[in-house]
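Below is one structure; the comments refer to it alone.
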Amino acid sequence: MGKVVGIDLGTTNCCVAVLEGGAVQIVPNKEGGRTTPTVVGFTDKGERLVGQIAKRQAVTNAANTIYAVKRLIGRKFKEPEAERTRETSPFEIVEASNGDARIQVQGRVYSPQEISGIVLQRLKAAAEDFLGEPVTEAIITVPAYFDDTQRQATKDAGKIAGLRVERIINEPTAAALAYGLGRNENERIAVYDLGGGTFDISILEISDGVYEVLATSGNTFLGGEDFDERIIGWMVSQFRDETGIDLRTDRLALQRLKEAAERAKCDLSSLNETNINLPFIAADASGPKHFSKTLTREAFEGLISDLVERTVEPCQKALWDAKLQPKDIDKVLLVGGQTRSPIIGRTVREIFGKEPSAEINPDEVVAMGAAIQGGVLTGDVKDIVLLDVLPLSLGLETRGGLFHRIIERNSTIPLHNSQTFTTVVDNQSSVEIHVLQGERDIAQHNRSLGKFELVGIPPSARGAPQIEVTFEVDANGILNVSAQDKTSGRKQQMKVTPTSGLSSEEIERMIAEAVSFAEEDRRSRDLIALRTRLEGLLRNAQRTFREFGSSLTQDERLSAQDAFAECEELLKSENVEAIQEGTQRLERIAGQLTLAMLNPVADAKDIKPEAKSRT
């Protein structure tokens, strides 16, 4: 294995790092910059521009300049996040035949993976120029809350760029690696990572070179792009009130507004106010119109305060999942360019009760950590072990529509877990394995990741086959599921690639609903358990009745048949009390059948007097 580069493939900017001589080096791009804008431009001459040069020509080529593609990777066209991106993007987003979100440029349709691949190609070339040798392996970082589809799509982007992605690691975890390298302290740290398009919070424990993620939370559609959009909205509103012109209908004007918003946001990280001047932004019958306004830091913070507030709950949830209090955190690391805003520092102090640390450049720290992980894989970095986690539970649907967890959320990866299941009807020759992700007890309330069928199970009584189901999550957080019949040895497996990605809102909704609907889920779970017990008792009683019912009195036979018919109806009922009463009646019938089974040759005349004595 040659040099393994670390790549932070960000929403707004990218960064590449590599381990050289035991130290992490940031790879400069062609222009000498340490970060590269995640922007791709297509010219009318067929050229592909990447980085700063693509960003500079965006104003005059807005429809053919693609940015923030990370917000579309692994998403479906009709997902709310894709719809929100369409509303604010000057380029065209279209729906692929499989429902994915794609970008149409100059008559050609590109997948987000392709656009990301173009960026990665440029980063790969920069690394090769810097090292003077071919680069074929990389560690690429993703938001901690990226799902299986988004992680796989990121790997595909690397493959498109000619890179073998050795590992996908979470951005906050990478930042912790960079922070901890060369330190001997044992401590608990929180990584607050607010980038251009995503937010993550991770709680880690560093002890003797072991980096263990205790919990993670976040939002895959919250970041600096949303801050920019609030400033754009403010400018559009101000201009419309003064002139009656809506700048959102003009792609060229919209691109100029975006650039001005980004500059203003950066200025207000260190200044109390900034002046936004955009001459000749529009025109009407009376002549050209200009935009010139002063935006204060106070006004800016008012525009984004609700966005910043949305980072608080994930932080509290991560602390709760880690079973820690804010006072238990030794240090809070700030990661991502958006953390330079003073409002972020104040918010973090309020959450954790301590001053946050930005001792490593927040734009570079993630790439540095990825490079360190590359060094771990090549053996250049020793005595470091990284233990990351899953954000949501994984499991399968069982009888009655219940969700059975195989791997709990915040479990350390890589890992595998196996559990044994069986059939529910006699002579069942196949079973369907329905894989789900979420936190609800009822399967239909969780996210379906895929289904497959294990066939060829030898005929046998219900409950006899032993079917071992194994969930295996690799170090990239990607899931494989297999099922094997222990008797026949038949095995079926699938690499789970969900039909669409989980949005951060869905993840948050699943966890929140798991709490708010806990009582509803408990009732549903209890009802299913009662029905399942009743059905098992009913089928066994019916089987015994067919064989030994003739040993019962006529009244007992009629009573048993009435009970069977009643219980068949109760299997469809939601009346818990009626099901319980039906079960008790069936248990009495089962007792009579047990006696009949033990005394199959008893003469009818021996039973009749006992029957009469009861009346």
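The opening position of the sequence shown corresponds to residue 847 in our numbering, with each subsequent residue numbered one higher.
Note that beta-carbon positions come from the ideal geometry of N, C-alpha and C, so glycine has one too.
1) Kindly provide the ranges of any beta strand (DSSP E) runs that are 3 or more residues long and lie completely inside the segment 1081-1150, ordered along the chain.
2) What does the Cβ neighbour count give for residue 862, buried or exposed, with the cut at 16 atoms within 10 Å?
3) In chain order, which continuous runs of the alpha helix (DSSP H) of length 4 or greater are located wholly inside the segment 896-938?
4) Can you give me the C-alpha to C-alpha distance between residue 1430 and residue 1409, rounded to a whole angstrom?
5) Rounded to whole angstroms, what is the Cα-Cα separation between residue 791 and residue 1189?
6) What is the DSSP secondary structure of residue 1211, reduced to helix, strand or coil?
7) Exposed or buried, what is residue 1166 when buried is set at 16 or more other beta-carbons lying within 10 Å of its beta-carbon?
8) What is the C-beta distance between residue 1128 and residue 1135, in whole angstroms, given that I count them as a contact (C-beta under 8 Å)?
9) Which one or two residues does DSSP pair with residue 860 in a beta bridge?
10) From residue 981 to residue 1106, what distance separates their C-alpha atoms?
11) Consider the Cβ of residue 947: report whether some Cβ of chain B lies at a distance smaller than 8 Å.
12) Which residues bound the beta strand (DSSP E) around residue 1265?
13) Determine, using beta carbons only, whether residue 1157 and residue 1141 come nearer to each other than 8 Å.
14) Would residue 1248 and residue 1425 be called neighbours here (beta carbons separated by less than 8 Å)?
15) For residue 1111 versus residue 1087, is the C-beta distance shorter than 8 Å?
16) Hey, which unbroken runs of the alpha helix (DSSP H) at 4 residues or more fall wholly within the segment 1019-1060?
17) Given residue 1353, which residues of its chain have a CB within under 7 Å of its CB, disregarding the five upstream and five downstream residues?
18) Does residue 1448 pass the burial test, meaning 16 or more other C-beta atoms within 10 Å, or should it be called exposed?
19) Taking buried to mean at least 16 other C-beta atoms within 10 Å of its own C-beta, is residue 1418 buried or exposed?
20) Grab me the residues of residue 1153's own chain with a C-beta within less than 8 Å of its C-beta, minus the 5 sequence neighbours each way, in chain order.
21) Going by DSSP, what residues sit across from residue 997 in a beta bridge?
22) Which class does residue 1307 belong to by DSSP, given the choice of helix, strand or coil?
23) Cα-Cα, which of 949, 913, 1407, 983 is closest to residue 858?
24) With DSSP run on the structure shown, which of helix, strand or coil describes residue 992?
25) Since residue 1049 and residue 1170 are thought to touch, with beta carbons under 8 Å apart, how far apart are those beta carbons, to the nearest angstrom?
26) Taking all protein chains shown into account, do 16 or more other C-beta atoms lie within 10 angstroms of the C-beta of residue 1029, making it buried, or fewer, making it exposed?
27) Relative to the alpha-carbon of residue 1327, which residue among 1309, 1369, 1282 has its alpha-carbon at the smallest distance?
28) Counting only runs of 3+ residues fully inside the segment 1309-1342, write out the beta strand (DSSP E) ranges in chain order.
29) What does the alpha-carbon distance come out to for the pair residue 1462 and residue 922?
30) Whole beta strand (DSSP E) runs in the segment 1174-1206 with 3 or more residues, listed along the chain?
31) Tell me which same chain residues have a C-beta within less than 6 Å of the C-beta of residue 1058, skipping the five on either side of it?
32) Going by DSSP, which residues form a beta bridge with residue 941?
Checking against the coordinates, here is how it stands:
1) 1119-1130, 1133-1142
2) buried
3) 898-902, 926-934
4) 10 Å
5) The structure shown does not extend to residue 791, since the chain spans only 847 to 1461, so no value can be given for it.
6) Look at residue 1211 here: in three-state DSSP terms it is helix.
7) exposed
8) About 5 Å separates the Cβ atoms of residue 1128 and residue 1135, confirming a contact at the 8 Å cut-off.
9) 855, 882
10) Here the alpha carbon of residue 981 sits roughly 37 Å from the alpha carbon of residue 1106.
11) The structure shown contains no chain B; it holds only a single protein chain.
12) 1261-1267
13) No, Cβ-Cβ distance for residue 1157 and residue 1141 is not below 8 Å.
14) no
15) Remark: C-beta atoms of residue 1111 and residue 1087 do not approach each other more closely than 8 Å.
16) none
17) Low confidence applies here, because residue 1353 scores a pLDDT of 38, under 50, leaving its location unreliable; read the following figure in that light. These residues qualify, in order along the chain: 991, 1237, 1238.
18) Residue placement at residue 1448 is flagged as unreliable, the pLDDT there being 45, under the threshold of 50; a coordinate-derived value is accordingly withheld.
19) Label assigned to residue 1418: exposed.
20) 1068, 1072, 1073, 1076
21) According to DSSP, residue 997 bridges with nothing at all.
22) coil
23) 913
24) DSSP places residue 992 in coil when its eight states are reduced to three.
25) Yes, residue 1049 and residue 1170 are in contact; Cβ-Cβ is about 6 Å, under 8 Å.
26) exposed
27) That would be 1282, whose Cα lies nearest to the Cα of residue 1327.
28) 1313-1319, 1325-1331, 1337-1341
29) Residue 1462 is absent from the structure shown; the chain starts at 847 and stops at 1461.
30) 1177-1181
31) Excluding positions up to five away in sequence, the list reads 1051, 1233.
32) Answer by DSSP bridge pairing, in chain order: 947.
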